[in-house]
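Encoded as structure tokens, the structure appears first; notes follow it.
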Amino acid sequence: MKKNSLYNTSSISLFQYLFAIAVILVHSGRLTSYEPVHFGLKSILGRLAVPFFIVCASFFLKPSLRDARKMKAYLVKIVKTYLFWSCVYLPYAWVFFSSLHLPVYLFPAGVLIALFYLGMCYQLWYIPAFLLGLFLVNQLVKRLGMVWTGVITFLLYCWGLIETYSAYLDITSLLKGYQLYSNLFFTARNGLFYTPIFIFMGYYLYDHFHAQNFRVHRWQKVALTFGLFCLEGLIIFQHEGIDKNFFFLLPFVTVYLVNACLRSSFLKSYDLQYLKQMSMALYFSHPIFIEWARYGFSNVPLSYPDRGKLIFVAALLGSHLFGLAMLSYHSWQKEKKNRSLEKEVL
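Reminder that position 324 of the sequence shown reads as 321 in this note's numbering, one-by-one numbering, no gaps.
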């Protein structure tokens, strides 16, 4: 994400960093015994993270639809990153597979399912889901245009809403149909039902960035949609469904938040690209430190919420140390390359 005088990428980098911390918080387990706060942290705040990442990525990716070279370079980069981290988490995948007590000869099939669908670890589902969603949305835009793409992605997203509102849909044919689907495919949080609408929202924001809807009352719209999102969360909290990945208001609050960040003057003059890089380090590495901490604190006589707090702090510190090491390594590589170029010139 390069510096652009039109967009406040520094604000985007800051929010990506904060949402990466929110992901760590969600994966650390319960941090409080007070149920409303736990729900708010995990199912409201935490649910904003991945949609924010997707809308940002697709917003900056939209111009590349007309440039095959740029799109290919982006896809190659993200696939390389994904394959690297998939290899890192292969031992974790083996441990999880072993816990299922399935025949060993099924492990290669399990690896393929993890690689192309579920992810080798619980945070890696995002990459195959994003790539599939990107392919789907690009094909829809190319063949049907933006309007029909919006309609189709919204209808696909509505299928996922069934899992969130399942407590209100008891004994209906919709819920029975979703249960049949989930028995085969585990979840609707994938590249067919979940990510396409957020990719579409990023594309839509890019195309209509100068429209009045996005230019005026920016933060008021964020506050309004977030308030409605919290109200929806309250409705779900009263009768929780199978899972809480899908919220009706989530695409709208996300696109307005990204828009407000892009237009904000806050921190615009600062170069916070390192926060974006740090957010990636936190997102990809934090399960390593969570699982280490979970194992290390397993015999400590603490309540579940207190153990969760310890795990969160340990994972936060560990992933930050990893991020700092990664930034230092990249800086050293850059300096080394620059010195090499200077020698060639001389």
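No residue lacks a Cβ here, since even glycine has one placed at the ideal position from N, Cα and C.
Following the continuous alpha helix (DSSP H) through residue i, name the residue where it begins and the one where it ends.
{"i": "residue 198", "result": "192 to 204"}
{"i": "residue 33", "result": "32 to 36"}
{"i": "residue 227", "result": "215 to 235"}
{"i": "residue 278", "result": "270 to 293"}
{"i": "residue 255", "result": "247 to 260"}
{"i": "residue 172", "result": "170 to 182"}
{"i": "residue 211", "result": "209 to 212"}
Below 6 Å, is the gap between the Cβ of residue i and the nearest heavy atom of the ligand MG?
{"i": "residue 228", "result": "The model on display carries no ligand, and the ligand MG is accordingly not part of it."}
Answer yes or no: does any C-beta atom of chain D fall closer than 7 Å to that of residue i?
{"i": "residue 271", "result": "Structure shown: chain D not included; a single protein chain is present."}
Using beta-carbon positions only, say whether residue i and residue j come within less than 7 Å of one another.
{"i": "residue 16", "j": "residue 46", "result": "yes"}
{"i": "residue 134", "j": "residue 202", "result": "no"}
{"i": "residue 318", "j": "residue 271", "result": "no"}
{"i": "residue 179", "j": "residue 172", "result": "no"}
{"i": "residue 229", "j": "residue 246", "result": "yes"}
{"i": "residue 153", "j": "residue 190", "result": "yes"}
{"i": "residue 186", "j": "residue 215", "result": "no"}
{"i": "residue 107", "j": "residue 161", "result": "no"}
{"i": "residue 122", "j": "residue 130", "result": "no"}
{"i": "residue 373", "j": "residue 147", "result": "Residue numbering for the chain in the displayed model covers -2 to 343; residue 373 lies beyond these limits and cannot be assessed."}
{"i": "residue 193", "j": "residue 150", "result": "yes"}
{"i": "residue 302", "j": "residue 30", "result": "yes"}
{"i": "residue 113", "j": "residue 125", "result": "yes"}
{"i": "residue 43", "j": "residue 19", "result": "yes"}
{"i": "residue 86", "j": "residue 275", "result": "no"}
{"i": "residue 28", "j": "residue 305", "result": "yes"}
{"i": "residue 316", "j": "residue 286", "result": "yes"}
{"i": "residue 265", "j": "residue 7", "result": "yes"}
{"i": "residue 50", "j": "residue 157", "result": "no"}
{"i": "residue 312", "j": "residue 21", "result": "yes"}
{"i": "residue 211", "j": "residue 52", "result": "no"}
Considering only C-alpha positions, which residue in the set the options is nearest to residue i?
{"i": "residue 283", "options": "6, 23, 8", "result": "23"}
{"i": "residue 225", "options": "321, 7, 41", "result": "41"}
{"i": "residue 200", "options": "123, 142, 160", "result": "142"}
{"i": "residue 82", "options": "312, 223, 277", "result": "277"}
{"i": "residue 240", "options": "19, 60, 159", "result": "159"}
{"i": "residue 207", "options": "250, 257, 195", "result": "257"}
{"i": "residue 48", "options": "289, 293, 188", "result": "188"}
{"i": "residue 308", "options": "145, 291, 234", "result": "291"}
{"i": "residue 314", "options": "279, 334, 86", "result": "279"}
{"i": "residue 79", "options": "95, 93, 111", "result": "111"}
{"i": "residue 57", "options": "84, 97, 3, 95", "result": "3"}
{"i": "residue 218", "options": "71, 249, 273, 236", "result": "249"}
{"i": "residue 59", "options": "235, 288, 138", "result": "138"}
{"i": "residue 132", "options": "335, 69, 32, 332", "result": "69"}
{"i": "residue 155", "options": "175, 167, 168, 67", "result": "175"}
{"i": "residue 93", "options": "35, 119, 77", "result": "119"}
{"i": "residue 144", "options": "205, 84, 234", "result": "205"}
Completely contained alpha helix (DSSP H) runs for the segment 18 to 93, where each covers 4 or more residues: 32 to 36, 46 to 58, 65 to 85
Inside the segment 92 to 166 only - beta strand (DSSP E) runs reaching at least 3 residues: none
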